[in-house]
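Positions 0 to 203 (numbering that gives the first Met the number 0) are the ones given, in order, by the sequence shown.
Glycine included, every Cβ here is placed at the ideal spot set by N, Cα and C.
These figures come from a predicted structure and were not determined experimentally.
Beneath this line is the structure, given in structure tokens, with notes to follow.
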Amino acid sequence: MNPFKAIAGVLIAMTATAQAIEQPKFTVLRSTEVYEIRRYASHVVAEVVVPGPATQAGNQAFPILAGYIFGKNKGERRFAMTAPVTQTAATAAVKIEMTAPVMQTLASDGFIVQFMMPGAYTLATLPEPLDPRVTLREVPEQTVAAIKYSGTWSQSNYDEHLERLAKALAQAGVETLGEPVYSRYDPPFTPWFMRTNEIWFRVK
């Protein structure tokens, strides 16, 4: 599949309203002026590890993951786009379950970019990726603290809100786990003031 056509397909799909794009299910456990504590249900993701830097990780990952959801898989099945697209640093070795009984260890650097798979599918029913860089994995139930903000995808905007979230959690005595997760809900041509961005921390 032509990667540019794949990207175009993703962008077209993401122009639908937020209500029309499936998102992972969660329950709000607590809400403050800065963040929400959410409990997310388990879900399956397609993910890829790319070298980065952080500002380029999404561009590096999109054609690879878009290829999978637009037919580059055994059976050439196509899937609806979901939101958000998440990105986090791969700073530690992580074991990944494939659809086949294979275990893979990720490099200790780079960035993990994920597309959530539609909720109607499981690891057992999703087709195997043809691109060996794409991994399917079930994300177990988890509790996260999420800060929501609009604006550009600049490093400065991200850093500002990451600092605000981390400070608020520290003041509240909330212990975080692992690396922050950068979650984007809109295509790049969405006006900056209309974008929905979030940063998540897993919490106990």
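The three-state reading of DSSP puts residue 152 in coil, since its state is none of H, G, I, E or B.
When 183, 196, 47 and 63 are compared, the shortest CA-CA separation from residue 109 is found for 47.
In this structure, the alpha-carbon of residue 194 lies about 25 Å from that of residue 50.
Selection 54, 179 and 58 evaluated against residue 142 yields 179 as nearest (Cα-Cα).
Taking 3 residues as the shortest admissible run, the stretch 17-78 contains the following complete beta strand (DSSP E) segments, listed from N- to C-terminal end: 25-30, 35-39 and 42-49. Nearest in C-alpha terms to residue 183, of all of 115, 163 and 34, is 115. DSSP places residue 80 in the coil class of the three-state scheme, outside both helix and strand.
In this structure, DSSP gives residue 183 an extended state, which the three-state scheme calls strand.
The straight-line gap separating the alpha-carbon atoms of residue 83 and residue 201 is approximately 16 Å. DSSP, reduced to helix, strand and coil, places residue 201 within a strand of the structure shown. The shortest C-alpha to C-alpha distance from residue 113 to any of 181, 33 and 173 is the one to 181. In the three-state scheme derived from DSSP, where H, G and I count as helix and E and B as strand, residue 176 is classed as strand. Taken in chain order, the complete alpha helix (DSSP H) segments of 4 or more residues contained in the stretch 109-174 are 154-171. Out of 170, 55, 42 and 158, the CA that lies nearest to the CA of residue 187 is found in 55. By the criterion of a C-beta distance shorter than 7 Å, residue 132 is surrounded in its chain by 47 and 63, once the five residues flanking it on both sides are discounted. The beta carbon of residue 146 sits closer than 7 Å to those of 33, 34, 160, 163, 164, 197 and 198, all from its chain and outside the five residues before and after it, given in chain order. 87 is the residue among 81, 87 and 70 whose C-alpha sits nearest the C-alpha of residue 53. Listed as beta-bridge partners of residue 88 by DSSP are 110. Rounded to the nearest angstrom, the gap between the Cα atoms of residue 40 and residue 26 is 8 Å. When 72, 139, 30 and 74 are compared, the shortest CA-CA separation from residue 23 is found for 139.
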